[in-house]
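Remarks on the structure that follows.
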Amino acid sequence: QPICEADIKNLLKYKEEECRERKEAYDGKINMWDFRYYMERMEEHEYNINQEEIKEYFPIDVVTEKLLQLYQDLLGLEYEEMPLGDAGKEGAWHDTVQLYSVKDKESSSIIGYFYLDMHPREGKYGHAACFTLQQACSDASDSSKRILPVAACVCNFPKPVEGQPKSSLLPHNQVKTFFHEFGHVMHVICSRANICRFSGTRVERDFVEAPSQMLENWCWEVESLQVMSGHYLDKSKPIPADLATRLVKSREANTGLLNKRQLVFGLFDQRIHGIKAKEKIDTAAIVEELQSSIMGVPATPGTNFAASFGHMVGYDSQYYGYMWSEVFSVDMFASMFKSFDGKINQLFDPEVGMRYRTEILEPGGTKDAIDLLTSFLGRKPNNENFLKSKGL
Numbered sequence: 028q029p030i031c032e033a034d035i036k037n038l039l040k041y042k043e044e045e046c047r048e049r050k051e052a053y054d055g056k057i058n059m060w061d062f063r064y065y066m067e068r069m070e071e072h073e074y075n076i077n078q079e080e081i082k083e084y085f086p087i088d089v090v091t092e093k094l095l096q097l098y099q100d101l102l103g104l105e106y107e108e109m110p111l112g113d114a115g116k117e118g119a120w121h122d123t124v125q126l127y128s129v130k131d132k133e134s135s136s137i138i139g140y141f142y143l144d145m146h147p148r149e150g151k152y153g154h155a156a157c158f159t160l161q162q163a164c165s166d167a168s169d170s171s172k173r174i175l176p177v178a179a180c181v182c183n184f185p186k187p188v189e190g191q192p193k194s195s196l197l198p199h200n201q202v203k204t205f206f207h208e209f210g211h212v213m214h215v216i217c218s219r220a221n222i223c224r225f226s227g228t229r230v231e232r233d234f235v236e237a238p239s240q241m242l243e244n245w246c247w248e249v250e251s252l253q254v255m256s257g258h259y260l261d262k263s264k265p266i267p268a269d270l271a272t273r274l275v276k277s278r279e280a281n282t283g284l285l286n287k288r289q290l291v292f293g294l295f296d297q298r299i300h301g302i303k304a305k306e307k308i309d310t311a312a313i314v315e316e317l318q319s320s321i322m323g324v325p326a327t328p329g330t331n332f333a334a335s336f337g338h339m340v341g342y343d344s345q346y347y348g349y350m351w352s353e354v355f356s357v358d359m360f361a362s363m364f365k366s367f368d369g370k371i372n373q374l375f376d377p378e379v380g381m382r383y384r385t386e387i388l389e390p391g392g393t394k395d396a397i398d399l400l401t402s403f404l405g406r407k408p409n410n411e412n413f414l415k416s417k418g419l
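Residue 28 is where the sequence shown starts when you use this note's numbering, and the numbers rise one by one after that.
Next up, the structure:
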């Protein structure tokens, strides 16, 4: 709460200054329609961050190449793009979709396939997601054989346009989204479960985001940011260390306010699913109540966020799992890959990456999440690293 209150106070300072400069009335509060705007102003001023400048180092072709290489090196895998067939990509549903096979590097055996469907088009799913097309499992007709998993990473990143070199630059948050969704893909592909019901991402709902959230952390380290970047005019030039350092530092910005927003989503989801079937539900009123009391930022009058809250369907009162999973993801990263004090720095260590693959990704839901985490960490998980990551 104190961090959130400090965030609001800080944003109000920027709003008051701007209102004074423009000679406009200052209403003394942060509204939903200006909360993102003043967050960005604050980041530009206090962290010297310009998102347009940062984008220049993340053209989609560079990010895709480097992301795939990083995952291969870390998890002991080899990806190979499938060749074009007579009628486009073999098994693909659009000519812009890419299909890859995945091999275990040590045995050279194929363990699965994934599609990359990166660009928007009419009628396509409008967000970013991983879709499991086929679960890994033992072959029911021959237990010595396996049914190989197939997954699709579906995003809506800008498509390169010939003669427009800046047409396919990714904002840093989209780079993070790519790492997150591809983390789900690897959870599907690396599964060694024998029964579909427990394969891949079929784990507890409040753990399923942890493996992909954990891999987002590579988007917040100077070393890995330099590995995955290349300026659109000269792709051999990674993001400068000073700019990457400022970007990493900006992760601290508005942590109180943004985490309170996640609490609003999770509590709204549980409140709605706790209402009896015959009760009258005023979702807009519930959103307003929770948002004002928890975030301190009132909902915009005449709007209803709940009408576009897609996670209401499928998550079924378990949206809280995003925040719950983050506790686990931060604990895994800070304990095994890179600690906050820098004493542990194994960002690119293939041995640790292989342990992550075998102890977290491969079992799927065949073991309880708490047992997977305890095995990987060598102790039961706790929230100490999560609290450190939030400045507490």
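Here a beta-carbon is modelled for each residue, glycine too, at the ideal position from N, C-alpha and C.
(message) Considering only their Cβ atoms, is the gap separating GLN125 from GLU105 smaller than 8 Å?
(response) Reading the sequence shown from its first residue, position 78 is the one you call residue 105. Reading the sequence shown from its first residue, position 98 is the one you call residue 125. Not closer than 8 Å, so no.
(request) State yes or no: is the C-beta of MET66 within less than 8 Å of the C-beta of ASN221? (result) Position 39 of the sequence shown, counted from the start, is the residue given in the question as residue 66. Position 194 of the sequence shown, counted from the start, is the residue given in the question as residue 221. Their beta carbons are not under 8 Å apart, which means MET66 does not touch ASN221 by this criterion.
(message) Using a 10 Å radius around the Cβ and a threshold of 16 neighbouring Cβ atoms, would you call ILE302 buried or exposed?
(response) Position 275 of the sequence shown, counted from the start, is the residue given in the question as residue 302. Within 10 angstroms of the beta-carbon of ILE302 lie fewer than 16 other beta-carbons, which makes it exposed.
(request) My understanding is that ASP100 touches PHE403, with C-beta atoms under 8 Å, so please give their C-beta distance in whole angstroms. (result) Sequence index remark: in the sequence shown, residue 100 carries index 73 (1-based). Sequence index remark: in the sequence shown, residue 403 carries index 376 (1-based). Your pair ASP100 and PHE403 does not check out as a contact, with CB atoms roughly 19 Å apart and the cut at 8 Å.
(request) Under the assumption that ILE30 contacts GLY337 (Cβ atoms under 8 Å), give the Cβ distance between them as a whole number of angstroms. (result) Indexing the sequence shown from 1 puts residue 30 at position 3. Indexing the sequence shown from 1 puts residue 337 at position 310. About 28 Å separates the CB atoms of ILE30 and GLY337; that is not less than 8 Å, and the two are not in contact.
(request) Using a threshold of 8 Å, state whether the C-beta atoms of TYR127 and VAL177 are closer than that. (result) Walking along the sequence shown from the start, residue 127 turns up at place 100. Walking along the sequence shown from the start, residue 177 turns up at place 150. No.
(message) Is it buried or exposed, LEU196, if we count other Cβ atoms within 10 angstroms and call 16 or more buried?
(response) The residue you call residue 196 lines up with position 169 of the sequence shown. Under this definition LEU196 is a buried residue.
(request) Please name the residue in VAL202, PRO238, CYS223 whose C-alpha comes closest to that of ARG382. (result) Translated into positions along the sequence shown, residue 382 becomes position 355. Among VAL202, PRO238, CYS223, the Cα nearest to that of ARG382 belongs to PRO238.
(request) For LYS365, collect the residues of the same chain with a Cβ closer than 8 Å to its Cβ; drop the 5 residues on either side in sequence, then sort them by chain order. (result) Against the sequence shown, residue 365 aligns to sequence position 338. Around LYS365, the same chain offers ASN244, GLU248, ILE371, ASN372, GLN373, LEU374 as residues with beta carbons nearer than 8 Å, after the five sequence neighbours per side are excluded.
(message) Once the 5 residues before and after GLY103 are set aside, which same chain residues still bring their CB inside 8 Å of it?
(response) Position 76 of the sequence shown, counted from the first residue, corresponds to residue 103. Excluding residues within five positions, the ones whose Cβ falls inside 8 Å are ASP131, LYS132, GLU133, PRO377, GLY380, MET381, ARG384.
(message) So, with DSSP's three-state summary, where would you put TYR98?
(response) For the purposes of this step, residue 98 is taken as residue 71 along the sequence shown, with counting starting at 1. DSSP places TYR98 in helix when its eight states are reduced to three.
(request) Assuming ILE313 contacts LEU290 (C-beta within less than 8 Å), just tell me the rounded distance between them. (result) Within the sequence shown, the letter at position 286 stands for residue 313. Within the sequence shown, the letter at position 263 stands for residue 290. 14 Å between Cβ atoms; not a contact.
(request) To the nearest angstrom, report how far apart PRO198 and GLN78 are at their CA atoms. (result) As a working mapping, residue 198 is identified with position 171 in the sequence shown. As a working mapping, residue 78 is identified with position 51 in the sequence shown. Looking at the two C-alpha atoms, the distance is approximately 7 Å.
(message) Could you compute how far the alpha carbon of ASP266 sits from the alpha carbon of SER256?
(response) By 1-based counting over the sequence shown, the position of residue 266 is 239. By 1-based counting over the sequence shown, the position of residue 256 is 229. In the sequence under discussion, the amino acid at residue 266 is Ile, which differs from the Asp named in the question. Whole-angstrom Cα-Cα distance: 6 Å.
(message) Helix, strand or coil, according to DSSP, for THR327 in the structure here?
(response) For the purposes of this step, residue 327 is taken as residue 300 along the sequence shown, with counting starting at 1. Coil at THR327, not helix or strand.
(request) Please report the residue range of the alpha helix (DSSP H) in which GLU48 lies. (result) Residue mapping note: residue 48 aligns to position 21 of the sequence shown, counting from 1. Secondary structure note for GLU48: its alpha helix (DSSP H) is the uninterrupted segment 29-49.
(request) Tell me whether the beta-carbon of PHE184 lies closer than 8 Å to the beta-carbon of MET145. (result) Residue 184 sits at position 157 when you count from the first residue of the sequence shown. Residue 145 sits at position 118 when you count from the first residue of the sequence shown. In this structure, PHE184 places its C-beta atom within 8 Å of the C-beta atom of MET145.
(message) What ranges does the alpha helix (DSSP H) occupy inside the segment 182-236, keeping only unbroken runs of at least 4 residues that lie completely in it?
(response) Inside the segment 182-236, DSSP marks whole alpha helix (DSSP H) runs of 4 or more residues at positions 199-216, from first to last along the chain.
(request) With a threshold of 16 other CB atoms inside 10 Å of the CB of VAL188, please say whether the residue is buried or exposed. (result) On the sequence shown, position 161 is the one that residue 188 refers to. VAL188 should be labelled exposed.
(request) Rank LYS262, THR91, HIS121, PHE367 by C-alpha distance to the C-alpha of LYS276 and give the top, closest one. (result) Your numbering for residue 276 matches position 249 in the sequence shown. The shortest Cα separation from LYS276 among LYS262, THR91, HIS121, PHE367 belongs to PHE367.
(message) Counting beta carbon pairs with one atom in the segment 351-362 and one in the segment 164-183, are three or more of them shorter than 8 Å?
(response) Counting Cβ pairs under 8 Å, fewer than three are found: no touch.
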